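Only one structure is covered here, and it is reproduced in the block below.
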């Protein structure tokens, strides 16, 4: 199921709240791209792009796009003061070396143990896996932003992924239009609920087993 602009912004803002000063951050395509526009005041991070930008900024204003400046997904970006450029092999070397503190990715499915499936639906043509496999395995923290259910209304937060995996047991946090969930050693912890949804809404739309604490934060 699709989501409106306000909902996408809400998810991006919540994800931006996970950023800490001095972090190196990589953003996937879709909702994650918007996170760069909502970095909290006083927090300075460096956005990394697989196509060779270290210091990408948020999206440009309409009419101010530079055709030569885009992220790995092909979307226009701005450049922060002090940014640098490199070839794609060096950008991937940074990922494989473990230099990325957080990567924020989209997903087709996730599992309760933190497995990620985000690159292919069997029988459909796709551009390829891109940098997701390296990022999912090598970033210090992986956060997923996505719809809670698919177009058929089926949960995308599953006991076990049905689609081909990008990486196993890599996800630390999942943020959807309904909830914020954290992957722990004990299982999938329901941390926050996005109003107007309720605990019952989240549970009924989640295939995975959820750990429900006594005190849950509700996000207005």
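In my numbering, the protein residues as written are 1 to 220. Each residue gets a CB set at the ideal place from its N, CA and C atoms; glycine is no exception. All of these numbers come straight from a predicted model, not from anything done at the bench.
#1: Do residue 15 and residue 50 have their C-beta atoms within less than 9 Å of each other?
#2: So, using beta-carbon positions, are residue 93 and residue 132 closer together than 9 Å?
#3: At the level of alpha carbons, what is the spacing between residue 66 and residue 77?
#4: Note down, in chain order, each residue of its chain lying with its Cβ closer than 7 Å to the Cβ of residue 99, except the 5 sequence neighbours on either side.
#5: Could you check if residue 95 is buried or exposed, using at least 16 other CB atoms within 10 Å of its CB as the buried criterion?
#6: Tell me which residues share the same chain as residue 31 and place their Cβ nearer than 7 Å to its Cβ, disregarding the 5 neighbours each side in the sequence.
#7: Report all residues from its chain with a CB closer than 7 Å to the CB of residue 187; omit the five preceding and five following residues, and keep chain order.
#8: Shortest alpha-carbon distance to residue 170 belongs to which of 160, 190, 136, 156?
#9: Distance, Cα to Cα, residue 155 vs residue 219?
#10: Start and end of the alpha helix (DSSP H) containing residue 235?
#11: Measuring only the C-alpha atoms, how far is residue 116 from residue 180?
#12: Looking at the secondary structure, which residues open and close the beta strand (DSSP E) in which residue 221 lies?
#13: Whose CA, out of 143, 206, 54, 42, lies closest to the CA of residue 172?
#14: Output the residue ranges of the alpha helix (DSSP H) runs that lie fully inside the region 128 to 204 and measure 4 residues or longer, sorted by chain position.
#15: Who are the near neighbours of residue 138 in its chain, counting only those whose CB is closer than 6 Å to its CB and skipping five residues on each side?
#16: Tell me which same chain residues have a C-beta within less than 6 Å of the C-beta of residue 109, skipping the five on either side of it?
#17: For residue 202, which option in 185, 184, 174 has the closest C-alpha, if you only look at C-alpha atoms?
#18: How far does the alpha helix (DSSP H) with residue 33 in it extend, from its first residue to its last?
#19: Of the choices 148, 125, 33, whose alpha-carbon is the least far from that of residue 207?
#20: Strictly by DSSP, which residues pair up with residue 70?
In terms of the structure at hand:
#1: In this structure, residue 50 does not lie closer than 9 Å to residue 15 by Cβ.
#2: Note that the C-beta distance between residue 93 and residue 132 is not below 9 Å.
#3: Answer to the nearest angstrom: the Cα atoms are 8 Å apart.
#4: The answer, listed in chain order, is 24.
#5: Classification for residue 95: buried.
#6: Excluding positions up to five away in sequence, the list reads 8, 11, 12, 106, 145.
#7: Excluding sequence neighbours, residue 187 sits near 112, 209, 211.
#8: Checking every option, the nearest Cα to that of residue 170 belongs to 136.
#9: Spanning the two alpha carbons is a distance of roughly 21 Å.
#10: Since the first residue shown for the chain is 1 and the last is 220, residue 235 is missing from the structure and cannot be characterised.
#11: The alpha-carbon atoms of residue 116 and residue 180 are separated by roughly 16 Å.
#12: This structure cannot speak to residue 221, because the chain is shown only from 1 to 220.
#13: The residue with the shortest Cα to Cα distance from residue 172 is 143.
#14: Whole alpha helix (DSSP H) segments, 4+ residues: 132 to 138, 199 to 204.
#15: Its chain contains 95, 96, 98 as the residues whose beta carbon lies nearer than 6 Å to that of residue 138, once the 5 sequence neighbours on both sides are disregarded; these appear in chain order.
#16: Here the set comprises 117, 156, 158, 161, 163.
#17: The shortest C-alpha to C-alpha distance from residue 202 to any of 185, 184, 174 is the one to 174.
#18: For residue 33, no alpha helix (DSSP H) run applies, since DSSP gives it neither H nor E.
#19: Measuring C-alpha to C-alpha distances from residue 207 to each of 148, 125, 33 identifies 148 as the nearest.
#20: The bridge partners DSSP lists for residue 70 are 76.
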